[in-house]
Amino acid sequence: MEWIAIPLIIVLLVVVGGVAWAVGAYNGFVKQRNLIQESWRQVDVELNRRYELIPNLVETVRAFAGHERNTLEGIVRLRQQAQQLSSTERGDAPSAERAAVEEQLTQQVRGLMVQVEAYPELKSNQNFLELQRQLAETEDRIAAGRRYYNANVRNYNTRIESVPTNFIASSFNFQKATYFEVNDAEVRRAPDVSFGEISYRGDAPEQPRSAAPVESSSSNELPNPQAGRESAPGLSFDQRPEAQPVDRPEGEGYQPPKYN
């Protein structure tokens, strides 16, 4: 009977070890998923902080730069849209639509900061300088939070695709998380600023970019942001018209030659 008991003990040990490994792998996925959600909430806090700063920034700029009406209206519209999406998603499952709106809002605010360089009175206003400082610090924290979030997403996705943990992921429906970046080339492109046209921007306000509809989410769903930034090429001065040579008299007493 001993020769039968030994294989049974080996099989039992293998089964127990396999179950222990499966439980550990499952708990690891749950821990990483919660870490991703927590890291996104930290980004969400800074995004809401930006929502609070934008109204004061808009009012301050409007007092000194009334010609930037279209840009200011676009910022206000995007802020309202982002706030509505934030309240709908409850901060734990951001969608691709909200990420796209946040990226457009970031580009609009950056573009405004470039445009105010044409207004010396505004650049010397203490209220504006303080808002600019707070907004810059908020953007830095958003960038840091996004890097931390993306690092957690990378580790989580690597385990989902790796053997043998991919069997646990597929068995318990652990889905890959999405990086906080934007794949749309138009959204990633920084706005071009022409100071020669800064005083006139037309009457038609800029239309927001349409994005994918928001899906209902549960507390276990992962964030799905889509955002990223790239710099556009700078202004080129190589296309300026070349100066044409001008014939000038060679001396003060110069007289054109007379022909008979």
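Taking our numbering, I'd label the letters of the sequence shown as residues 253 to 512. We put the CB at the ideal spot given by N, CA and C, even for glycine.
Continuous alpha helix (DSSP H) stretch holding residue i: start and end
i: GLY326; result: 321-341
Nearest-angstrom Cβ-Cβ length linking residue i and residue j, presumed shorter than 8 Å
i: PHE419; j: THR312; result: Going by Cβ atoms, the distance from PHE419 to THR312 rounds to 57 Å, so no, they are not a contact pair.
i: ASP296; j: SER347; result: ASP296 to SER347, Cβ: 12 Å. No contact.
i: VAL310; j: LEU287; result: Going by Cβ atoms, the distance from VAL310 to LEU287 rounds to 36 Å, so no, they are not a contact pair.
i: VAL368; j: ALA317; result: 6 Å
i: ALA277; j: THR417; result: 5 Å
i: ALA421; j: PHE281; result: 6 Å
Beta-carbon gap between residue i and residue j smaller than 8 Å
i: LEU305; j: LEU330; result: no
i: GLU298; j: THR390; result: yes
i: TYR408; j: GLN289; result: no
i: TYR303; j: GLN335; result: yes
i: ASN404; j: SER291; result: yes
i: GLN294; j: GLY397; result: yes
i: ASN300; j: LEU383; result: no
i: VAL353; j: GLN333; result: yes
i: TYR400; j: PHE432; result: no
Closer than 8 Å to chain D by CB, residue i
i: LEU337; result: The structure shown contains no chain D, having only a single protein chain.
> Can you list, in chain order, the stretches of the alpha helix (DSSP H) that have 4 or more residues and sit fully within the segment 345-417?
Replying inline: 348-367, 372-375, 378-413
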